[in-house]
Amino acid sequence: MAATKSNTTINNLSDDSLTEIFCKLPCKSLFSCKSVSKHWLTLISNTNFHSLYLTHQHTLFHKIQSQGEDPDQPSFILKPYNALVIAPNLPSLQLGSLENHLSLTSLGSDFEPANIVPQLRSVLKFVFACSNGLLVYGNPRPRHKCVYHVRNPLTKDSLKLPSAPTLCDHAGVLVGFMCDPYYSLAKENSGLSIVPTSERRFRVVRIPAFSDTRVTFDVEVFSSETGEWKRFVVSCPQGFACGFFLTSSSVEHEGKLYFMGGGRVLVYDPYDDECVASVIELPRGFGEAYRGCLGVSCGKLQLSEFPISPSSAFEAYSGRVWELEYCGKEEERRWKLVHEFCLPEIIGPMFQELKALEVEYVRGCSRILAFHPYVKDSVFLKFGDNIICCNLLTRRFRVCKYGGLSLLFYPVIPVLLPWWPTPIPSSPSLVDPSV
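Residue numbers (full-length UniProt numbering): 1 to 435.
As structure tokens, this is what we get:
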């Protein structure tokens with residue numbers, strides 16, 4: 001008997017079968033699938049599908065985590081800008097060459113980084129902060145009002161904000177950014193699942209720099225709900241000196257922003273109507289603040305000093321890492337030293353090889369750029385014109401070349417790609433003409 005020929009095609013598959021297939025595709029491919037038919041567009045755009053897709057990614061992510069550190073996990077500098085992209089090695093982010101999909105090159109000539117050292121000294125920043133996969137970028141020129149943009153580097157969606165209230169000063173400005181996540185973890189009878197959030201908002205925070213210690217100071221906040229900037233007088237009873245450091249940046253952690261300056265860490269909640277900030281003292285024996293890096297790893301706030309103020313050639317490549325501990329009440333916080341390390345001991349013979357290749361303009365500019373967000377004990381270091389991803393506990397490391405001068409002076413902003421691109425929350429009457 002002849003075999004019966006099947007007439008089943010992808011066009012007459014059930015929604016359940018299509019959903020199962022779509023859950024295994026990279027999110028970039030899903031965006032392309034939306035243009036195939038109205039049926040596919042409706043299915044992929046549905047928040048119920050997003051929940052199934054994200055729950056599938058959550059399961060895969062924890063399976064990879066349980067297997068230990070992933071040496072092939074993508075991470076790279078988003079050339080030629082000061083952003084360090086860190087992507088989970090998951091199907092949702094298997095985009096081929098991520099560098100070709102994540103781009104800020106359409107920002108225009110006003111945002112092209114300078115390529116010679118004198119121009120780098122003009123104290124221009126480009127990428128200020130990242131929250132849930134969205135970037136805040138701008139070009140603050142002295143004696144000008146800065147215009148900030150919120151951008152999703154994966155989808156290329158952008159939102160241009162109104163000009164900042166005050167002029168940019170030569171002393172600089174600290175900028176923070178918080179955006180609600182697109183999805184959250186939910187407990188159900190069948191277990192855990194990921195669900196898209198119905199309401200989203202963001203805040204952009206500006207603190208004009210000042211060198212003296214103050215108990216009150218001005219903070220400018222842009223709210224996505226109102227579409228406007230508003231100036232607040234913030235009270236900080238312990239005092240804070242907002243000295244501007246080119247290698248500093250804000251850190252978002254548990255609904256608050258953290259800024260380094262003047263030997264302390266400022267803690268500020270842009271959603272708090274009481275406008276009261278607090279500070280965390282740096283660890284005893286901490287050196288110069290510009291050698292520090294503040295970040296979050298595995299849900300813990302961490303602080304590094306690298307290199308330690310050198311009194312010997314050995315210390316020139318030594319560092320320390322602390323983790324913030326809560327001792328009962330929130331105000332009872334202290335730094336716990338978790339790592340003391342020497343870079344030559346970790347990377348062995350390769351250290352002398354990399355050191356010999358240092359060119360004049362990058363010599364002596366080693367520093368920690370960021371902490372790994374979900375691989376414990378791992379940091380990203382700049383050594384010469386190389387980026388070293390290093391696990392301080394296991395001593396495993398990976399070296400990649402970076403020839404961009406901008407890393408000499410600019411803060412490097414960690415960009416953790418979410419499993420599904422975060423839509424930019426809408427603001428009243430704001431439309432970016434470049435989109």
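In this text, a Cβ means the ideal position worked out from N, Cα and C, and glycines have one as well.
_Quick check: the Cα distance between G172 and P414, rounded to an integer number of angstroms?_
If you take the alpha carbons of G172 and P414, they lie about 21 Å apart.
_Sequence-distant residues of the same chain with beta carbon closer than 8 Å to E199, five excluded per side_ = So the qualifying residues of the chain are D180.
*Could you give the distance in angstroms between the alpha-carbon of W44 and the alpha-carbon of P307?*
The sequence shown places Ile at residue 44, not Trp. Computed Cα separation, rounded: 48 Å.
*If you run the structure through DSSP and keep just helix, strand and coil, what is T394?*
In the structure shown, T394 sits in coil (DSSP, three-state: anything other than H, G, I, E or B).
*Below 8 Å on the Cβ atoms is my guess for L84 versus F380; work out the distance and round it to an integer in Å.*
In this structure L84 is in contact with F380, their Cβ atoms being roughly 6 Å apart against a cut-off of 8 Å.
*Leaving out five residues before and five after L337 in sequence, what residues of the same chain have Cβ atoms less than 6 Å from its Cβ?*
Counting only Cβ-Cβ distances below 6 Å, and skipping sequence neighbours, we find W322.
*asked:* Taking its Cβ as the centre, do 16 or more other Cβ atoms sit within 10 Å of residue 485, making it buried, or is it exposed?
replied: With the chain represented from 1 up to 435, any question about residue 485 goes unanswered, as that position is not in the structure.
*Three-way DSSP call (helix, strand, coil) for R291 in this model*: The DSSP-derived three-state label of R291 is helix.
*Between D15 and Y81, what straight-line distance do the alpha-carbon atoms span, to the nearest angstrom?*
Their backbone Cα atoms lie some 42 Å apart in a straight line.
*Measure the C-alpha to C-alpha separation of F222 and P140 and round it to an integer number of angstroms.*
So the alpha carbons of these two residues sit roughly 16 Å apart.
_Rounded separation between I424 and I194 - CA only_ = Just so you know, the alpha carbons of I424 and I194 end up roughly 19 Å apart.
*Which same chain residues, not among the five before or five after C327, have their C-beta less than 8 Å away from its C-beta?*
So the list reads R333 and R334, once near-sequence residues are dropped.
*How would you call D273, buried or exposed, if buried means at least 16 neighbouring beta carbons within 10 angstroms?*
D273 is exposed by the Cβ-count criterion.
_Judging by CA-CA distance, which residue of K38, C365, S37 and C390 is the nearest neighbour of K376?_
Answer by Cα proximity: C390.
*Check each candidate in E254, G285 and A241 and name the one with the smallest Cα separation from V265.*
The option with the nearest alpha carbon to V265 is A241.
*Mark G319 as exposed unless 16 or more other C-beta atoms lie within 10 angstroms of its C-beta, in which case mark it buried.*
That one is buried.
*Could you tell me which residues DSSP pairs with Q302 in its beta bridges?*
According to DSSP, Q302 bridges with G295 and E323.
*Does the segment 130-149 touch the segment 199-212, meaning 3 or more C-beta pairs lie closer than 8 Å?*
A contact exists between the segment 199-212 and the segment 130-149.
*Who are the near neighbours of R395 in its chain, counting only those whose CB is closer than 7 Å to its CB and skipping five residues on each side?*
Excluding positions up to five away in sequence, the list reads I346.
*What residue from L18, F128, Y258 and L154 has the CA that sits closest to Q302's CA?*
The option with the nearest alpha carbon to Q302 is Y258.
*With Y268 and V234 assumed to form a contact (beta carbons below 8 Å), what rounded beta-carbon distance in angstroms separates them?*
About 7 Å separates the two Cβ atoms, so the contact holds.
_Taking 7 Å as the limit between beta carbons, can you name the residues of its chain near L41, skipping five residues before and five after?_
Excluding its 5 nearest sequence neighbours in each direction, L41 has C-beta neighbours in its own chain below 7 Å: K34, listed in chain order.
*Return yes when the Cβ of P237 is within less than 9 Å of the Cβ of V276, no when it is not.*
Yes, these two residues count as a Cβ contact at 9 Å.
*Given a cut-off of 9 Å, decide if P421 and G133 are closer than it, judged by their beta-carbon atoms.*
Going by beta carbons, G133 and P421 fall inside the 9 Å limit.
_Assuming F49 and T19 are in contact, meaning their beta carbons sit under 8 Å apart, how far apart are those beta carbons, in whole angstroms?_
Beta-carbon to beta-carbon, F49 and T19 are separated by about 6 Å, close enough to satisfy the 8 Å threshold.
*Member of L324, S17, N386 and P142 whose CA lies at the smallest distance from the CA of H253*: Looking at the Cα atoms, L324 is the closest of the given residues.
*With H339 as the anchor, note down where its beta strand (DSSP E) starts and where it stops.*
Looking at the DSSP string, the run of the beta strand (DSSP E) that includes H339 is R333 to C342.
*Could you tell me whether any Cβ in chain B is nearer than 9 Å to the Cβ of W40?*
No chain B appears in this structure, which consists of one protein chain only.
*Assign S184 to buried or exposed, taking buried as 16 or more other Cβ atoms, counted over all protein chains shown, within 10 Å of its Cβ.*
With fewer than 16 other beta carbons inside 10 angstroms of its own, S184 counts as exposed.
*What is the DSSP secondary structure of Y53, counted as helix, strand or coil?*
Helix, per DSSP.
*From G263, A186 and N12, residue whose alpha carbon lies closest to that of A289*: Considering only alpha carbons, the answer is G263.
*Relative to the C-alpha of L419, which residue among I10, I86, S17 and P270 is closest?*
A small fix is needed here, since residue 419 is Trp in this sequence, not Leu. Nearest C-alpha to W419: I86.
_Here's the rule I'm using: 16 or more other beta-carbon atoms within 10 Å means buried, otherwise exposed. How should I368 be labelled?_
Sixteen is the threshold: when 16 or more other Cβ atoms of the shown chains lie within 10 Å of the Cβ of I368, as they do, the residue is buried.
*Residues in its own chain within less than 6 Å of P428 by CB, not counting five upstream and five downstream?*
Here the set comprises G227.
*Write down the C-beta distance between P196 and C168 rounded to the nearest angstrom, noting that I regard them as a contact closer than 8 Å.*
About 37 Å separates the beta carbons of P196 and C168, which is beyond the 8 Å limit, so they are not a contact pair.
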